[in-house]
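2 protein chains.
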Amino acid sequence: MADRLDIIFAALADPTRRRILAMLLEDDMAVTDVAEPFEMSLAAVSKHLGLLSRAGLISQEKRGRVKWCKLEPDALRDASVWMQGFGQFEPVNLDAFERFLDTELPSQKDP
Amino acid sequence: MADRLDIIFAALADPTRRRILAMLLEDDMAVTDVAEPFEMSLAAVSKHLGLLSRAGLISQEKRGRVKWCKLEPDALRDASVWMQGFGQFEPVNLDAFERFLDTELPSQKDP
DNA sequence: CTGATCGTCAACCAATCGGTTGAATATGCC
DNA sequence: GGCATATTCAACCGATTGGTTGACGATCAG
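Line by line, the protein sequences give chains A and B. Here my numbering is used: the first residue of the first sequence is 134, the next is one more, and so on. Here my numbering is used: the first residue of the second sequence is 134, the next is one more, and so on.
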């Protein structure tokens, strides 16, 4: 039986999924719109979203025929607490986070 | 080409490896001693340590015939920064971390 | 009703993972 | 030298992962 942390960290261990989370940080999105910038099938992105949902990192709500995806940042709290215990990192540094998004987001190459 | 965060989060997604990190939080250890509490072969633990080392989460230094494993908490900084950006979690909470260790460490059943 | 759009499901595939065992390589001890 | 200790390597195994494709069920528009 996989621990909750297992599932959360495994969900974060994929660049596609981290990129999806970063996208959802800006706004809720429909599945199709989430999938649009990725060079993979809709089904593949749908699987990623399912995994993120099972990890509790996002929630999905179907309205009409479109399914909206919403970031659930609280799910990261457990994992964050676990990690911070090791480093006693300085308090939240949003600038560093912005730099990370900059380096992570363009990871999808144009062909 | 796996991103650095890929490797770090993947390394954290396994309870054995998280438990190893928690053990090393207390002190540096030899490979054999790390392996002792686990119900798996030494080779398996050695593989886990290799993975943690490749992720930069630990360093290994051979002195004589014993290889010492040392926690490298700085490697968690990148991942922690990434995560904190999502939740704006409150500053480091060591008490919560201690509770986590309590719930995680006894996850290995006695036979 | 018809047709297009939204999303998932099912089956498949290659690659990776977590584990095993047995042999191999250092190194230390006497 | 010779044996024990510490650790890794190599080959193997079953399960999981990340992706594909094609069919399918809902829902909306005309």
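Beta carbons are placed, not taken as given, at the ideal position from N, Cα and C, and that holds for glycine. Bear in mind that the values here come from a model prediction, so they are computed numbers and not experimental data.
Sorting A/Leu204, A/Asp136 and A/Asp161 by C-alpha distance to the C-alpha of A/Leu185 places A/Leu204 at the top. For A/Glu205, the secondary structure class from DSSP, reduced to helix, strand or coil, is coil.
Take the alpha-carbon of B/Ala176 and the one of A/Glu159: they are about 45 Å apart. Nearest to B/Phe219 by alpha-carbon distance, out of A/Asp136, A/Leu157 and A/Ala144, is A/Leu157. If you compare the alpha carbons of A/Ser174, A/Ala168 and A/Asp161 with that of A/Arg196, the shortest gap goes to A/Asp161. For A/Ser186, the uninterrupted alpha helix (DSSP H) segment begins and ends at Leu175 to Arg187. According to DSSP, B/Ala163 shares a beta bridge with B/Trp201.
Around A/Ala188, the same chain offers Ile140, Ile141 and Ala144 as residues with beta carbons nearer than 6 Å, after the five sequence neighbours per side are excluded.
Counting other Cβ atoms within 10 Å of its Cβ, B/Ser213 reaches 16 or more and is therefore classed as buried.
Comparing alpha-carbon positions, the option among B/Leu190, B/Cys202, B/Trp201 and B/Thr165 lying closest to B/Arg137 turns out to be B/Leu190. Counting along the chain, the unbroken alpha helix (DSSP H) around A/Asp139 starts and ends at Arg137 to Leu145.
For chain A, the residues of the segment 134–159 of chain B that bring a beta carbon within less than 9 Å of one of its beta carbons are Ala135, Asp136, Leu138, Asp139, Ile140, Ile141, Phe142, Ala143, Ala144, Leu145, Ala146, Asp147, Pro148, Arg151, Leu154, Ala155 and Leu158, in chain order.
Residue environment analysis places A/Arg152 among the buried positions, since at least 16 neighbouring C-beta atoms fall within 10 angstroms of its C-beta. Residue pairing from DSSP places A/Ile191 in a beta bridge opposite A/Leu204. Residues of chain A with a Cβ closer than 9 Å to the Cβ of B/Leu184 do not exist; the shortest Cβ-Cβ separation is about 12 Å.
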